[in-house]
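In the working numbering, the protein residues as written are 2 to 354. Don't be surprised by glycine CBs; every beta carbon is placed ideally from N, CA and C. These numbers come from a predicted model, not from an experiment.
Here you go:
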(Lines of atoms letter the chains of each structure in order from A and count residues from 1; the text may use other names and numbers.)
(Lines give C-alpha, C1' and ligand atoms only; values in the text may rest on other atoms or scores of the structure.)
Protein backbone atom coordinates (compact mmCIF):
# COMPACT_ATOMS: atom_id res chain seq x y z
CA UNK A 1 0.00 0.00 0.00
CA UNK A 2 1.31 3.45 -0.88
CA UNK A 3 1.57 5.87 2.03
CA UNK A 4 1.36 9.64 1.54
CA UNK A 5 4.51 11.65 2.37
CA UNK A 6 4.81 14.81 4.48
CA UNK A 7 5.65 16.81 1.36
CA UNK A 8 2.13 16.19 0.07
CA UNK A 9 0.21 16.62 3.32
CA UNK A 10 -1.15 19.97 2.21
CA UNK A 11 -2.67 18.59 -0.98
CA UNK A 12 -6.19 18.23 0.37
CA UNK A 13 -6.37 21.78 1.71
CA UNK A 14 -4.73 23.30 -1.34
CA UNK A 15 -6.90 21.31 -3.69
CA UNK A 16 -10.10 22.38 -2.00
CA UNK A 17 -9.02 26.02 -2.06
CA UNK A 18 -7.97 25.77 -5.68
CA UNK A 19 -11.20 24.15 -6.74
CA UNK A 20 -12.99 27.17 -5.34
CA UNK A 21 -11.29 29.24 -8.01
CA UNK A 22 -7.67 29.83 -7.00
CA UNK A 23 -5.98 27.80 -9.74
CA UNK A 24 -2.96 29.01 -11.67
CA UNK A 25 -3.27 30.01 -15.30
CA UNK A 26 -0.62 30.28 -17.98
CA UNK A 27 -1.78 31.02 -21.53
CA UNK A 28 0.19 30.70 -24.79
CA UNK A 29 -0.98 31.30 -28.73
CA UNK A 30 -1.67 8.82 -22.23
CA UNK A 31 -6.79 1.44 -19.40
CA UNK A 32 -6.10 -0.41 -22.64
CA UNK A 33 -6.14 1.59 -25.85
CA UNK A 34 -9.48 2.08 -27.52
CA UNK A 35 -10.55 -1.21 -29.06
CA UNK A 36 -10.01 -1.72 -32.79
CA UNK A 37 -13.13 -1.58 -34.89
CA UNK A 38 -13.85 -1.65 -38.56
CA UNK A 39 -12.26 0.84 -40.91
CA UNK A 40 -15.75 2.16 -41.55
CA UNK A 41 -16.03 3.28 -37.92
CA UNK A 42 -12.81 5.26 -38.16
CA UNK A 43 -14.13 6.98 -41.25
CA UNK A 44 -17.36 7.95 -39.52
CA UNK A 45 -15.71 11.12 -38.21
CA UNK A 46 -15.26 12.40 -41.75
CA UNK A 47 -18.88 11.65 -42.60
CA UNK A 48 -19.92 13.47 -39.43
CA UNK A 49 -17.85 16.48 -40.45
CA UNK A 50 -19.70 16.65 -43.76
CA UNK A 51 -22.98 16.48 -41.87
CA UNK A 52 -21.82 19.27 -39.54
CA UNK A 53 -21.02 21.54 -42.45
CA UNK A 54 -24.36 20.68 -44.04
CA UNK A 55 -26.11 21.91 -40.89
CA UNK A 56 -24.56 25.32 -41.51
CA UNK A 57 -22.29 25.72 -38.49
CA UNK A 58 -19.63 28.37 -38.95
CA UNK A 59 -17.60 27.10 -36.00
CA UNK A 60 -14.89 28.10 -35.43
CA UNK A 61 -15.11 31.75 -36.40
CA UNK A 62 -12.77 32.98 -33.63
CA UNK A 63 -9.94 31.52 -31.51
CA UNK A 64 -10.66 28.38 -29.50
CA UNK A 65 -9.19 27.98 -26.02
CA UNK A 66 -7.81 24.53 -25.22
CA UNK A 67 -7.64 24.09 -21.45
CA UNK A 68 -4.80 21.77 -20.39
CA UNK A 69 -5.22 21.10 -16.65
CA UNK A 70 -1.53 20.27 -16.15
CA UNK A 71 1.66 22.37 -16.16
CA UNK A 72 4.16 22.49 -19.04
CA UNK A 73 6.63 19.62 -19.36
CA UNK A 74 4.34 16.64 -18.94
CA UNK A 75 2.60 14.36 -21.41
CA UNK A 76 -0.70 16.26 -21.65
CA UNK A 77 0.84 19.67 -22.28
CA UNK A 78 3.43 18.38 -24.74
CA UNK A 79 0.99 16.34 -26.83
CA UNK A 80 -1.68 19.04 -26.80
CA UNK A 81 0.81 21.55 -28.20
CA UNK A 82 1.87 19.16 -30.96
CA UNK A 83 -1.73 18.44 -31.95
CA UNK A 84 -3.04 21.98 -31.84
CA UNK A 85 -0.04 23.60 -33.49
CA UNK A 86 -0.67 21.31 -36.46
CA UNK A 87 -4.43 21.84 -36.31
CA UNK A 88 -4.03 25.63 -36.24
CA UNK A 89 -1.63 25.58 -39.17
CA UNK A 90 -3.70 23.19 -41.23
CA UNK A 91 -7.11 24.80 -40.63
CA UNK A 92 -5.91 28.42 -40.37
CA UNK A 93 -7.94 28.68 -37.17
CA UNK A 94 -6.29 29.64 -33.90
CA UNK A 95 -6.32 27.07 -31.07
CA UNK A 96 -4.77 28.59 -27.93
CA UNK A 97 -3.38 26.30 -25.21
CA UNK A 98 -4.23 27.58 -21.72
CA UNK A 99 -2.67 25.77 -18.72
CA UNK A 100 -5.02 25.84 -15.71
CA UNK A 101 -3.38 23.61 -13.15
CA UNK A 102 -4.06 22.16 -9.73
CA UNK A 103 -5.90 19.44 -7.82
CA UNK A 104 -4.79 16.64 -10.16
CA UNK A 105 -6.36 18.29 -13.17
CA UNK A 106 -9.70 19.02 -11.51
CA UNK A 107 -9.37 22.81 -11.53
CA UNK A 108 -9.02 23.13 -15.28
CA UNK A 109 -11.56 20.39 -15.93
CA UNK A 110 -14.13 21.98 -13.64
CA UNK A 111 -13.55 25.33 -15.30
CA UNK A 112 -14.44 23.93 -18.73
CA UNK A 113 -17.55 22.26 -17.32
CA UNK A 114 -18.91 25.72 -16.40
CA UNK A 115 -18.16 27.44 -19.72
CA UNK A 116 -20.67 28.20 -22.48
CA UNK A 117 -21.42 25.18 -24.66
CA UNK A 118 -20.39 26.94 -27.86
CA UNK A 119 -17.19 25.10 -28.81
CA UNK A 120 -14.85 27.96 -27.94
CA UNK A 121 -13.56 26.45 -24.69
CA UNK A 122 -12.52 22.79 -24.89
CA UNK A 123 -10.77 20.53 -22.41
CA UNK A 124 -7.69 18.43 -23.13
CA UNK A 125 -8.63 15.95 -20.43
CA UNK A 126 -6.65 13.16 -18.79
CA UNK A 127 -7.09 10.00 -16.75
CA UNK A 128 -8.14 11.59 -13.41
CA UNK A 129 -11.50 12.41 -15.01
CA UNK A 130 -12.18 8.67 -14.75
CA UNK A 131 -11.23 8.58 -11.04
CA UNK A 132 -13.64 11.29 -9.88
CA UNK A 133 -14.77 9.20 -6.89
CA UNK A 134 -11.48 10.28 -5.27
CA UNK A 135 -12.50 13.93 -5.40
CA UNK A 136 -15.76 14.31 -3.45
CA UNK A 137 -15.11 18.04 -3.06
CA UNK A 138 -15.42 18.84 -6.77
CA UNK A 139 -18.58 20.61 -7.87
CA UNK A 140 -18.97 18.98 -11.28
CA UNK A 141 -19.61 15.47 -12.56
CA UNK A 142 -17.33 14.56 -15.50
CA UNK A 143 -19.84 12.04 -16.84
CA UNK A 144 -22.71 14.54 -16.70
CA UNK A 145 -21.07 17.89 -17.39
CA UNK A 146 -18.51 17.01 -20.09
CA UNK A 147 -18.98 15.38 -23.49
CA UNK A 148 -16.21 13.14 -24.92
CA UNK A 149 -15.13 14.27 -28.39
CA UNK A 150 -11.86 12.61 -29.38
CA UNK A 151 -9.33 10.25 -27.78
CA UNK A 152 -5.87 11.60 -28.52
CA UNK A 153 -3.41 9.06 -27.10
CA UNK A 154 -2.76 6.31 -24.61
CA UNK A 155 0.67 5.70 -23.10
CA UNK A 156 1.99 3.07 -20.67
CA UNK A 157 4.04 3.90 -17.61
CA UNK A 158 7.67 2.96 -16.98
CA UNK A 159 8.99 1.85 -13.61
CA UNK A 160 11.76 4.44 -13.36
CA UNK A 161 14.57 4.70 -10.82
CA UNK A 162 17.40 7.04 -10.03
CA UNK A 163 20.69 5.45 -11.23
CA UNK A 164 21.91 5.21 -7.63
CA UNK A 165 19.27 2.57 -6.87
CA UNK A 166 21.00 -0.84 -7.13
CA UNK A 167 17.91 -2.87 -8.10
CA UNK A 168 18.33 -4.76 -11.37
CA UNK A 169 14.83 -6.25 -11.65
CA UNK A 170 11.26 -5.79 -10.47
CA UNK A 171 11.85 -8.71 -8.11
CA UNK A 172 14.73 -6.76 -6.54
CA UNK A 173 12.48 -3.73 -5.98
CA UNK A 174 9.80 -5.87 -4.36
CA UNK A 175 12.32 -7.69 -2.15
CA UNK A 176 13.80 -4.39 -0.96
CA UNK A 177 10.35 -2.97 -0.20
CA UNK A 178 9.44 -6.04 1.84
CA UNK A 179 12.71 -5.79 3.77
CA UNK A 180 12.22 -2.06 4.45
CA UNK A 181 8.46 -1.35 4.64
CA UNK A 182 7.65 2.29 3.92
CA UNK A 183 11.26 3.26 3.16
CA UNK A 184 11.02 3.53 -0.63
CA UNK A 185 9.97 6.97 -1.93
CA UNK A 186 7.80 6.81 -5.06
CA UNK A 187 6.78 9.91 -7.01
CA UNK A 188 3.63 10.40 -9.06
CA UNK A 189 2.31 13.25 -11.20
CA UNK A 190 -0.49 13.83 -8.69
CA UNK A 191 -2.81 12.15 -6.21
CA UNK A 192 -5.63 10.34 -7.94
CA UNK A 193 -3.93 10.13 -11.33
CA UNK A 194 -3.15 6.90 -13.15
CA UNK A 195 0.47 6.91 -11.94
CA UNK A 196 -0.76 7.04 -8.34
CA UNK A 197 -3.29 4.28 -8.99
CA UNK A 198 -0.70 2.18 -10.83
CA UNK A 199 1.48 2.47 -7.72
CA UNK A 200 -1.41 1.47 -5.46
CA UNK A 201 -2.22 -1.48 -7.70
CA UNK A 202 1.45 -2.51 -7.86
CA UNK A 203 1.81 -2.23 -4.07
CA UNK A 204 -1.21 -4.42 -3.44
CA UNK A 205 -0.31 -7.01 -6.07
CA UNK A 206 3.27 -7.21 -4.75
CA UNK A 207 2.28 -7.10 -1.08
CA UNK A 208 4.48 -4.13 -0.21
CA UNK A 209 4.20 -0.74 1.54
CA UNK A 210 5.92 2.30 0.02
CA UNK A 211 5.92 6.07 0.50
CA UNK A 212 3.89 7.95 -2.13
CA UNK A 213 4.99 11.51 -2.96
CA UNK A 214 2.55 13.27 -5.33
CA UNK A 215 3.67 16.24 -7.42
CA UNK A 216 1.80 18.88 -9.39
CA UNK A 217 2.52 17.28 -12.76
CA UNK A 218 4.93 14.88 -14.45
CA UNK A 219 7.56 17.53 -15.17
CA UNK A 220 8.28 18.37 -11.51
CA UNK A 221 8.21 14.68 -10.55
CA UNK A 222 10.74 13.80 -13.26
CA UNK A 223 13.00 16.68 -12.23
CA UNK A 224 13.14 15.49 -8.61
CA UNK A 225 13.81 11.92 -9.74
CA UNK A 226 16.69 13.14 -11.90
CA UNK A 227 18.05 15.05 -8.90
CA UNK A 228 17.79 12.01 -6.63
CA UNK A 229 15.18 13.60 -4.34
CA UNK A 230 12.99 10.52 -4.87
CA UNK A 231 14.10 7.03 -5.86
CA UNK A 232 11.20 5.65 -7.91
CA UNK A 233 8.54 6.97 -10.26
CA UNK A 234 5.80 5.52 -12.45
CA UNK A 235 6.53 7.91 -15.33
CA UNK A 236 4.81 8.05 -18.70
CA UNK A 237 6.94 6.46 -21.39
CA UNK A 238 6.98 9.47 -23.70
CA UNK A 239 8.51 11.86 -21.16
CA UNK A 240 11.08 9.37 -19.84
CA UNK A 241 12.47 7.56 -22.88
CA UNK A 242 15.20 10.09 -23.63
CA UNK A 243 16.44 10.08 -20.02
CA UNK A 244 16.60 6.28 -20.03
CA UNK A 245 18.53 6.20 -23.30
CA UNK A 246 20.97 8.81 -21.96
CA UNK A 247 21.55 6.78 -18.79
CA UNK A 248 20.20 9.53 -16.54
CA UNK A 249 17.40 7.24 -15.35
CA UNK A 250 16.98 3.48 -15.11
CA UNK A 251 13.86 1.63 -16.26
CA UNK A 252 12.96 -1.91 -15.22
CA UNK A 253 9.61 -2.54 -16.93
CA UNK A 254 6.53 -0.90 -18.42
CA UNK A 255 2.80 -1.31 -17.89
CA UNK A 256 1.78 -1.96 -21.51
CA UNK A 257 0.77 -5.24 -23.10
CA UNK A 258 3.66 -5.64 -25.56
CA UNK A 259 7.28 -4.54 -25.91
CA UNK A 260 7.90 -0.87 -26.67
CA UNK A 261 9.38 0.06 -30.04
CA UNK A 262 11.74 2.61 -28.48
CA UNK A 263 12.92 0.32 -25.64
CA UNK A 264 12.50 -3.20 -27.03
CA UNK A 265 14.63 -4.77 -24.29
CA UNK A 266 12.25 -3.56 -21.56
CA UNK A 267 9.79 -6.26 -20.41
CA UNK A 268 6.16 -5.59 -19.53
CA UNK A 269 5.34 -5.75 -15.82
CA UNK A 270 2.83 -8.48 -16.65
CA UNK A 271 5.82 -10.83 -16.99
CA UNK A 272 6.22 -10.51 -13.21
CA UNK A 273 2.64 -9.72 -12.16
CA UNK A 274 0.34 -11.43 -14.70
CA UNK A 275 -2.44 -9.27 -16.08
CA UNK A 276 -0.97 -5.99 -14.84
CA UNK A 277 -1.73 -3.33 -17.46
CA UNK A 278 -2.32 0.41 -17.01
CA UNK A 279 -2.27 3.41 -19.33
CA UNK A 280 -2.44 7.17 -19.15
CA UNK A 281 -4.92 8.56 -21.67
CA UNK A 282 -5.60 12.01 -23.09
CA UNK A 283 -8.67 13.22 -24.93
CA UNK A 284 -10.84 16.19 -25.84
CA UNK A 285 -14.06 17.11 -24.05
CA UNK A 286 -16.53 19.97 -24.42
CA UNK A 287 -19.19 21.27 -22.01
CA UNK A 288 -22.44 19.34 -21.97
CA UNK A 289 -24.96 20.86 -24.35
CA UNK A 290 -22.44 21.66 -27.08
CA UNK A 291 -24.20 21.26 -30.46
CA UNK A 292 -23.56 17.86 -32.07
CA UNK A 293 -22.44 19.61 -35.25
CA UNK A 294 -19.55 21.24 -33.37
CA UNK A 295 -18.64 17.95 -31.67
CA UNK A 296 -18.52 16.25 -35.06
CA UNK A 297 -16.50 19.05 -36.64
CA UNK A 298 -13.92 19.08 -33.83
CA UNK A 299 -13.62 15.29 -33.92
CA UNK A 300 -13.02 15.37 -37.68
CA UNK A 301 -10.40 18.11 -37.34
CA UNK A 302 -8.48 16.09 -34.76
CA UNK A 303 -8.65 12.85 -36.73
CA UNK A 304 -7.25 14.70 -39.74
CA UNK A 305 -4.45 16.12 -37.57
CA UNK A 306 -3.68 12.67 -36.20
CA UNK A 307 -3.33 11.35 -39.74
CA UNK A 308 -0.75 13.92 -40.86
CA UNK A 309 2.65 12.24 -41.36
CA UNK A 310 4.55 14.65 -39.09
CA UNK A 311 2.21 14.16 -36.14
CA UNK A 312 1.88 10.40 -36.62
CA UNK A 313 5.67 9.99 -36.73
CA UNK A 314 6.16 12.20 -33.67
CA UNK A 315 3.69 10.20 -31.60
CA UNK A 316 5.07 6.83 -32.70
CA UNK A 317 8.58 7.93 -31.78
CA UNK A 318 7.42 8.52 -28.22
CA UNK A 319 5.52 5.21 -27.96
CA UNK A 320 2.24 7.12 -27.78
CA UNK A 321 -0.56 4.92 -29.07
CA UNK A 322 -3.24 6.60 -31.17
CA UNK A 323 -5.76 5.80 -33.87
CA UNK A 324 -8.75 7.41 -35.55
CA UNK A 325 -11.87 7.31 -33.37
CA UNK A 326 -15.38 8.70 -33.08
CA UNK A 327 -17.01 10.53 -30.14
CA UNK A 328 -19.05 7.40 -29.46
CA UNK A 329 -15.95 5.20 -29.27
CA UNK A 330 -14.23 7.61 -26.90
CA UNK A 331 -17.37 7.80 -24.74
CA UNK A 332 -17.41 3.99 -24.48
CA UNK A 333 -13.72 3.98 -23.54
CA UNK A 334 -14.24 6.70 -20.92
CA UNK A 335 -17.12 4.81 -19.31
CA UNK A 336 -15.04 1.64 -19.18
CA UNK A 337 -12.09 3.43 -17.57
CA UNK A 338 -14.32 5.13 -15.02
CA UNK A 339 -15.92 1.81 -14.07
CA UNK A 340 -12.57 0.04 -13.75
CA UNK A 341 -10.77 2.65 -11.65
CA UNK A 342 -13.70 3.68 -9.47
CA UNK A 343 -14.32 0.02 -8.60
CA UNK A 344 -10.64 -0.45 -7.71
CA UNK A 345 -10.59 2.74 -5.62
CA UNK A 346 -13.63 1.65 -3.63
CA UNK A 347 -12.47 -1.95 -3.17
CA UNK A 348 -8.98 -0.86 -2.07
CA UNK A 349 -10.34 1.86 0.22
CA UNK A 350 -8.13 4.55 -1.33
CA UNK A 351 -8.72 8.03 0.04
CA UNK A 352 -6.97 11.35 -0.55
CA UNK A 353 -5.91 13.22 2.59
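The beta carbon of residue 282 sits closer than 6 Å to the beta carbons of 128 and 155 from its chain, once the five residues preceding and following it are set aside; these are given in chain order. In the three-state reduction of the DSSP assignment, residue 286 falls in the strand class, which pools E and B. With a cutoff of 8 Å on beta-carbon distance, residue 245 and residue 264 are scored as near each other. For residue 225, the enclosing alpha helix (DSSP H) begins and ends at 219 to 227. Relative to residue 341, the option among 132, 276, 239 and 292 whose CA is nearest is 132. Fully enclosed beta strand (DSSP E) runs of no fewer than 3 residues occupy 96 to 102 and 122 to 127 of the region 93 to 133, in order along the chain.
Boundaries of the beta strand (DSSP E) around residue 69: 65 to 69. Distance from the CA atom of residue 123 to the CA atom of residue 344, rounded to whole angstroms, is 28 Å. Taking all protein chains shown into account, residue 78 has 16 or more neighbouring C-beta atoms within 10 Å of its C-beta and is therefore buried. Between residue 236 and residue 319, the CB-CB gap reaches or exceeds 8 Å. It is roughly 16 Å from the alpha-carbon of residue 272 to the alpha-carbon of residue 204.
Annotated as proximal: residue 112 and residue 68, with beta-carbon spacing under 8 Å. Between the alpha carbons of residue 251 and residue 200 lies a distance of about 17 Å. Collapsing the DSSP output to three states places residue 89 in a helix. Boundaries of the beta strand (DSSP E) around residue 151: 147 to 162. The residues 120, 295 and 298, in chain order, have a CB closer than 7 Å to that of residue 60 in the same chain once the five nearest residues on each side in sequence are set aside. The continuous beta strand (DSSP E) containing residue 211 extends over residues 211 to 215. In the three-state DSSP reduction, residue 248 falls in the coil class, being neither helix nor strand.
Shown here, residue 342 sits in a helix according to DSSP, grouped into three states.
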